[in-house]
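Input: a single structure, listed below in structure tokens.
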Amino acid sequence: MTVTQPALSGPWLNLGIAYTKRGNSQGAEDAFKHAIDVNSAHIEAYNQLGILYRRTGRPGEAQFIYERALKLDPDNTSLHWNLAILHDTVLPDPRKALLHYQRYQQLTGADNPQLQSWINTLAEHSLTNSTTTKVNP
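The numbering used here puts the first residue of the sequence shown at 293, with every later residue one more than the last.
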């Protein structure tokens with residue numbers, strides 16, 4: 293369909309997902325970018341591109357793409373989840389990870405013990421760091 297109807301973003305997204313499953317990162321990236329070019333509000337194309345960037349060792353680009361998409365859809369749970377994971381595991385920023393996990397939980401109403409444990413751990417870490425910060429006179 294990308295040949296017969298290149299102005300539709302959905303087939304480009306699907307092509308990108310297929311390329312991802314086959315391990316063709318460059319093909320996937322090109323397809324996701326084309327989906328975004330065709331439809332700049334295609335949130336799932338941004339999300340998939342961000343996931344691809346994270347998995348291929350490009351965390352800064354992943355963060356940029358996720359944040360760009362959040363400007364279009366600030367309540368998108370997948371974007372908050374993926375930003376939380378990115379900041380928790382790849383770009384160690386516990387404060388940002390905590391904010392996105394909390395927003396995800398708030399939006400989904402998730403009663404997930406594992407998620408709550410991560411939130412509690414990050415909140416304790418943030419509290420510990422804020423009370424032990426030394427100020428040089």
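For glycine and all other residues, C-beta sits at the position ideal for the given N, C-alpha and C. On a predicted model such as this, the values are computed, not experimentally measured, just so you know.
Cutoff 7 Å; reference residue i; Cβ partners in own chain excluding five residues on either side
i    : result
A270 : Since the first residue of the chain shown is 293 and the last is 429, residue 270 is not available in this structure.
A333 : L364
R346 : A354, L378 and V382
S317 : L344 and T348
N339 : A361, S370, L371 and N374
Three-state class that DSSP yields for residue i in the structure shown
i    : result
G401 : coil
N306 : helix
L364 : helix
D385 : coil
S409 : helix
T312 : helix
L300 : coil
N374 : helix
T369 : helix
Close-in-space but distant-in-sequence residues of the same chain around residue i (CB under 8 Å, 5 per side omitted)
i    : result
Q394 : I411
P429 : A caution first: P429 carries a pLDDT of 39, below 50, which makes its placement in the model unreliable, though a value can still be read off. Excluding positions up to five away in sequence, the list is empty.
A415 : L390
A248 : Outside the displayed range of the chain (293 to 429) lies residue 248, so it cannot be described from this structure.
N404 : Q397
L399 : D367, T369 and H372
P386 : H379, D380, L414, H417, S418 and N421
P351 : Y345, L378, V382 and L383
Supposed close pair residue i, residue j - CB separation, criterion 8 Å
i    : j    : result
L390 : S370 : With 8 Å as the limit, L390 and S370 do not qualify as a contact, their Cβ atoms being about 18 Å apart.
A320 : A327 : Going by Cβ atoms, the distance from A320 to A327 rounds to 11 Å, so no, they are not a contact pair.
K325 : L341 : 7 Å
Sequence-distant residues of its chain with Cβ nearer than 6 Å to residue i (five each side left out)
i    : result
L375 : Y358 and H392
H372 : H392, R395 and Y396
S388 : Checking the displayed sequence, the identity of residue 388 turns out to be Lys instead of Ser. Hits under 6 Å: H379.
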